[in-house]
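Residue numbers (the numbering used here), protein chains in the order written: chain A, 37 to 413; chain B, 37 to 413; chain C, 37 to 413; chain D, 37 to 413.
This report refers to the structure that appears directly beneath it.
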């Protein structure tokens with residue numbers, strides 16, 4: 037009888053990077069055991085991966101439907117308890133819905149859904165069915181992001197008066213200028229990607245970091261998006277001005293044509309006593325600017341950190357942890373929720389974060405369409 | 037008979053930091069000799085400074101008017117040739133006008149004037165009287181900003197498709213939250229500071245860096261400004277969205293309440309072949325992001341640099357030069373113009389840069405007042 | 037029938053950080069499955085961990101001896117194939133010897149043994165019994181260290197003419213100045229730690245990085261060690277001058293009293309065409325200094341990297357991997373060796389690296405005792 | 037009647053970088069006026085520079101001898117008071133001696149002399165003739181080096197227990213491997229350069245920084261030097277182990293063949309309470325590592341700095357000053373000494389620093405010749 041949480045996975049097949057990320061993150065803390073799933077539309081691929089992973093061939097399925105049906109036939113104490121949804125975006129909603137309704141906990145890749153309405157529906161179902169729903173906004177798993185959240189909440193920088201979050205990448209640049217090359221990029225295809233490319237994929241991460249670290253909500257946005265070419269249907273860059281619910285202002289800047297940028301997501305929050313800055317590419321450094329004092333560089337592994345940040349680190353100071361570890365922290369937070377039916381706020385991004393994100397994306401798109409009108413979330 | 041350009045200075049008296057900056061910059065390259073001026077409203081202070089500086093007491097004057105009159109009485113080959121205007125903002129226009137009309141070259145502190153109309157008038161006068169006018173946008177004097185300009189112009193990053201400039205400071209934070217303390221800050225007083233605090237003082241630097249490095253012009257802006265308190269009459273933070281004249285988009289972000297930030301002006305320009313990034317607080321590093329290649333860190337002192345950048349450096353690699361040296365480069369560029377009646381484009385910011393800046397500030401203010409309408413420059 | 041390598045572990049029990057590191061590293065690439073072991077001297081602890089990890093209780097053992105005997109009774113296709121030795125230093129030799137002699141592959145924590153003679157004996161046994169032996173010099177698993185190795189070997193920096201490696205930590209400072217506190221530190225006890233503290237524990241890592249990246253061998257050393265107090269029996273700081281086998285010189289600097297340093301291991305190698313620098317605390321940056329050219333900052337995830345470095349990265353550019361991933365790469369290299377009976381040179385540190393390291397430590401100690409004489413390895 | 041100190045200069049002619057540095061540094065603080073000198077062996081060059089600089093042609097001289105004689109003929113209140121010696125190394129001693137004996141204050145370029153005996157003689161003469169002697173160890177003029185000195189003296193890092201200073205450059209690499217190219221480098225010619233190249237030119241700076249910041253003295257050294265080729269007579273790289281007079285140990289590492297390094301001088305000092313680190317290429321950052329606390333990054337311009345550091349900065353935080361400013365601080369310190377006949381300790385490096393440096397160089401050379409024996413200073 038296993039002590040680990042029985043995990044299933046939909047999608048994440050052999051060549052999928054996202055599958056690797058989820059498997060590593062799930063196993064890191066010894067909280068989950070992968071039992072099975074439907075990893076690929078091609079059942080032979082699913083079988084091969086199951087073999088490689090030493091999984092019981094009875095617990096893998098040719099399709100999502102058969103997965104749900106098969107697992108429901110098993111007694112509850114053998115049945116998979118939590119399911120990672122790592123399929124293409126347009127499937128997230130249907131699958132999550134079905135899983136929630138059947139009592140599975142869900143760990144869903146971003147974006148939660150294609151529309152805000154769908155996300156709200158999932159939120160209601162999560163409440164009704166008393167399951168946990170984790171949305172993998174990975175960057176919230178970094179210990180120094182968690183410390184930033186703790187510091188702001190404990191008043192270290194005073195009242196927040198300015199927020200600026202950036203997510204700059206360059207990976208679409210080599211494709212966007214050539215109509216043929218553009219077709220290789222599924223994110224530029226509305227059928228696969230949804231309503232938005234840049235803000236749907238990455239702008240929403242920057243938005244999420246703002247709400248996650250400050251505890252504030254964005255009330256309304258004004259957005260200017262960039263498409264570069266008339267026949268390119270989806271945004272690949274843009275800026276959103278924000279009004280936050282404490283009266284302060286902020287900015288989300290996002291780009292996929294910031295040529296040769298890698299994965300440059302960063303956030304700066306300024307309060308009336310000090311500021312905090314963090315950059316994802318050097319995730320183990322949190323910069324604390326305190327009025328009239330030397331800059332403090334906060335790093336993982338110390339007693340002076342908040343308990344929440346301390347619990348998110350496995351190694352002593354100077355031993356870098358990375359993105360898998362951030363995702364591991366999120367899985368770990370979800371595990372505590374599943375085991376205790378309670379959990380630390382912030383331990384993992386949940387269905388409400390998904391709703392907020394979808395509302396943000398839709399407000400941004402509407403603002404742009406209305407030629408930079410202010411749109412409420 | 038001196039071989040140096042005879043320099044005068046208005047303002048910049050004993051305790052004034054700006055006077056020190058101009059004097060050091062003027063003397064660095066052995067191109068100018070300070071002959072006299074009217075350094076202070078209190079003539080005793082002017083005398084004391086003149087004594088300290090070993091200046092001829094006949095060349096100092098109790099007032100600007102007397103300075104102009106006194107110098108005009110001297111034969112042209114003894115008369116001061118160029119005048120630094122380092123007085124409070126509201127005096128820049130009148131003094132510059134008077135100086136230009138009397139054939140003096142002018143080196144004017146920023147802002148050039150209080151209104152765009154005034155700046156345009158100065159531009160016409162400069163043309164008419166065939167003098168040179170230098171506006172001290174100091175940051176354009178840094179060698180790596182000049183290299184950035186050269187690289188963009190030579191096509192190193194291809195067609196510009198995204199521009200993002202930031203100028204974040206925190207120095208108003210300790211004053212703004214207390215009504216009494218606020219009164220100590222002359223920049224928050226419209227009578228002394230003009231129409232704008234944050235964009236007039238620093239946002240315009242970020243704007244200038246964009247036009248200076250890219251060679252593009254900003255066509256229109258949409259701005260959202262922050263005043264924090266209703267009884268604070270001037271902007272202390274804000275964001276301007278930009279439309280550039282090559283069709284691309286950009287952002288200027290400025291703040292004086294980014295708590296504990298020092299003088300964090302930085303610019304990122306992305307083209308379809310690569311990007312360039314520069315930060316003022318570490319001015320000797322220019323980051324060149326080239327598509328599919330390692331990041332290149334460009335530093336002063338090398339043969340591979342543009343001639344323009346090479347001419348702006350006095351020391352070999354690894355010997356840091358700073359802000360005085362940047363200002364020295366601008367003075368040096370102006371000296372070449374005065375001597376040759378011709379000069380390298382970009383060697384110093386001129387009256388047209390002043391006109392552009394004032395238009396930008398006014399467009400930003402109008403956009404904000406119109407609740408984030410697009411306003412043309 | 038499992039497709040994974042059947043892994044056992046000796047030591048690494050419940051509270052042990054090193055056990056976590058090895059388990060995560062072993063599982064990351066889906067190459068190993070942990071089958072059992074003897075995790076603790078207290079069998080109850082071993083049982084508890086086995087339960088937590090869902091291990092078969094038949095495959096855990098109260099002692100190392102029983103582990104070996106028990107596994108040998110199983111048919112070869114069920115028997116554990118590779119064993120991680122994560123016990124205190126003084127046990128490494130005996131256990132490794134026993135394991136090798138019985139045909140197990142060994143993954144041994146550092147130091148390999150207490151003396152060079154013992155290490156040499158293990159090397160002979162590894163040859164004789166045709167097993168693989170991996171010594172976990174973790175830092176060789178970082179992709180940018182591997183790229184450094186590849187670049188040097190491919191001639192990118194020309195002939196090596198200067199090497200400088202540092203390993204500075206501060207963790208012994210809070211203990212060393214107080215005789216009572218000092219007793220809490222097992223590394224300061226020769227009975228547990230062996231002949232050397234600082235060079236045995238960390239100096240040897242710096243030495244290993246030099247030989248690993250350059251492909252050169254250290255011929256002789258001159259060392260000056262620091263003990264700080266007469267009644268402290270083991271070195272806690274020191275510098276070793278090196279003569280390398282291509283005629284060039286080098287330095288190893290190590291300290292555990294570099295107060296408040298975390299885990300600052302770094303290496304710089306200069307050749308007649310350029311230099312390469314790497315720092316462990318920011319492991320995803322490799323600095324390439326090329327004569328007369330801009331500094332190049334090499335990061336993981338690009339096509340221009342060597343195949344060896346590319347194979348050591350799981351994520352795209354800008355997604356940081358850390359220490360677990362470095363260790364995972366070493367486990368992965370070992371897995372390839374176990375499966376193919378052949379492997380890429382450098383894919384994991386082996387028994388010969390262990391011999392070299394022990395010779396280095398002994399030469400350093402002898403040089404210091406001889407008042408800084410040159411001592412050959 | 038001038039209020040400025042009347043300055044003369046020997047050497048530093050038209051094309052000389054060092055002349056520019058001294059002239060800018062001398063003028064920055066309005067403390068000195070350059071009156072004349074003998075700038076070049078070719079009197080026409082001296083005349084031309086004098087003309088460019090608007091100097092009185094009566095105060096320039098064809099030779100050093102004529103300079104001294106000419107000035108001595110003038111009444112003391114017109115006579116040049118302080119003389120900058122910026123001639124080739126081998127002339128420093130004779131010229132300084134003559135100047136001191138005739139009552140001139142001396143500002144001498146490094147190295148002070150060719151031998152320690154000569155330096156000691158100068159020290160005695162300085163005492164006897166009651167003049168001030170400034171040796172331009174430029175790096176001691178950086179505000180953050182001065183803050184480092186102040187912090188260590190005030191006990192911020194406790195008792196010093198480990199010191200490590202590095203000075204790595206790469207500029208000799210392009211010359212050293214080719215016998216013909218080597219001849220272009222005067223520093224490799226003992227007739228012009230003296231006994232040592234690398235340690236005489238740059239190693240001594242690292243040594244000086246150690247004694248300057250810590251207030252400790254180096255008692256003895258053990259050095260291993262690198263010449264690379266048998267027919268190269270002077271050291272171009274090396275390491276010196278140090279024993280300091282408080283019982284602690286240290287290292288000076290220097291190289292001119294650290295290929296493509298620019299001017300990488302840095303120092304780390306560790307005490308029993310914390311550490312301090314500084315790097316010349318980013319001179320406005322001082323890193324304070326405090327036991328169990330976040331790293332503090334100390335920058336210029338703040339009230340919390342020592343008075344000594346505050347007095348060495350002209351601009352507010354975030355406005356970088358550089359090498360000229362560091363040299364300006366040294367000139368400024370010397371000016372205070374000249375005016376007051378007293379001065380703050382550390383305000384400029386003096387003749388005793390010169391003696392210490394020469395003893396260090398000679399001890400290093402002797403140690404190397406004796407095959408790494410310990411040699412006392």
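Idealized CB from N, CA, C, for every residue including glycine.
Keep in mind that this is a model prediction, so the values were computed, not measured.
Chain-ordered neighbours of residue i on chain C, where CB pairs are closer than 7 Å
{"i": "residue 267 of chain A", "result": "Residues of chain C passing the Cβ test: none, with the nearest at roughly 27 Å."}
{"i": "residue 60 of chain A", "result": "64"}
Chain B contact residues for residue i, given Cβ-Cβ distances below 8 Å
{"i": "residue 330 of chain C", "result": "324, 332, 333, 334, 335, 338 and 340"}
Chain D contact for residue i (CB, 8 Å cutoff)
{"i": "residue 188 of chain C", "result": "no"}
Rounded separation between residue i and residue j - CA only
{"i": "residue 218 of chain C", "j": "residue 338 of chain C", "result": "47 Å"}
{"i": "residue 128 of chain C", "j": "residue 304 of chain B", "result": "54 Å"}
{"i": "residue 295 of chain D", "j": "residue 335 of chain B", "result": "16 Å"}
{"i": "residue 382 of chain A", "j": "residue 248 of chain A", "result": "7 Å"}
{"i": "residue 309 of chain A", "j": "residue 189 of chain A", "result": "13 Å"}
{"i": "residue 75 of chain D", "j": "residue 135 of chain D", "result": "16 Å"}
{"i": "residue 153 of chain B", "j": "residue 234 of chain B", "result": "20 Å"}
{"i": "residue 97 of chain C", "j": "residue 326 of chain B", "result": "57 Å"}
{"i": "residue 364 of chain B", "j": "residue 390 of chain A", "result": "54 Å"}
{"i": "residue 42 of chain D", "j": "residue 113 of chain B", "result": "28 Å"}
Proximity test, Cβ basis, 8 Å: residue i and chain A
{"i": "residue 164 of chain C", "result": "no"}
{"i": "residue 294 of chain B", "result": "yes"}
{"i": "residue 244 of chain C", "result": "no"}
{"i": "residue 282 of chain C", "result": "no"}
Test: residue i CB closer than 8 Å to a CB of chain C
{"i": "residue 69 of chain A", "result": "yes"}
{"i": "residue 138 of chain D", "result": "no"}
Minimum Cβ-Cβ distance from residue i to chain B less than 8 Å
{"i": "residue 354 of chain D", "result": "yes"}
{"i": "residue 209 of chain A", "result": "yes"}
Partner residues on chain A for residue i, Cβ-Cβ distance less than 9 Å
{"i": "residue 277 of chain B", "result": "258, 260, 275, 277 and 408"}
{"i": "residue 350 of chain C", "result": "53, 56, 57, 60 and 360"}
Chain C contact residues for residue i, given Cβ-Cβ distances below 8 Å
{"i": "residue 10 of chain A", "result": "Examination of residue 10 of chain A is not possible in this model, given that chain A is present from 37 through 413 alone."}
{"i": "residue 247 of chain A", "result": "Going along chain C, no residue has its Cβ under 8 Å from residue 247 of chain A, so there is no contact; the nearest lies around 22 Å."}
Neighbour list for residue i in chain D, Cβ cutoff strictly below 7 Å
{"i": "residue 358 of chain B", "result": "356, 357, 358 and 361"}
- Message: Assess contact between the region 222-231 of chain B and the region 275-287 of chain B, defined as three or more Cβ pairs (one per stretch) separated by less than 8 Å. Is contact present?
- Response: Contact annotation: the region 222-231 of chain B does not touch the region 275-287 of chain B, with fewer than three C-beta pairs closer than 8 Å.
- Which runs of the alpha helix (DSSP H), 4 residues or longer, sit entirely within the region 294-359 of chain B? For the region 294-359 of chain B, whole alpha helix (DSSP H) runs of length 4 or above, ordered along the chain, are 343-346.
- Sufficient close CB pairs (3 or more, under 8 Å) joining the region 391-398 of chain B to the region 207-217 of chain B: With the rule of 3 Cβ pairs closer than 8 Å, the region 391-398 of chain B does not count as touching the region 207-217 of chain B.
- Quick check: the region 189-197 of chain C against the region 139-146 of chain C, are there 3 or more CB pairs under 8 Å? Cβ pair count under 8 Å is below three, so no.
- Task: Starting from the N-terminal side, write out each stretch of the beta strand (DSSP E) that is 3 residues or longer and does not extend beyond the region 38-117 of chain B.
- Result: Whole beta strand (DSSP E) segments, 3+ residues: 41-47 and 68-74.
- Item | Inter-stretch contact (C-beta, 8 Å, three-pair minimum) for the region 336-356 of chain A and the region 104-117 of chain A | The region 336-356 of chain A, when compared against the region 104-117 of chain A, does not touch it at the 8 Å Cβ threshold.
- Message: Which runs of the alpha helix (DSSP H) at least 4 residues long sit entirely within the region 203-243 of chain A? Give them in chain order.
- Response: Counting only runs of 4 or more, we get 209-212, 215-218 and 226-229.
- Task: Entirely within the region 139-205 of chain C and at least 3 residues each: give me those beta strand (DSSP E) ranges in chain order.
- Result: The region 139-205 of chain C is shown to contain whole beta strand (DSSP E) runs of 3 or more residues at 141-144, 169-171 and 196-204, in chain order.
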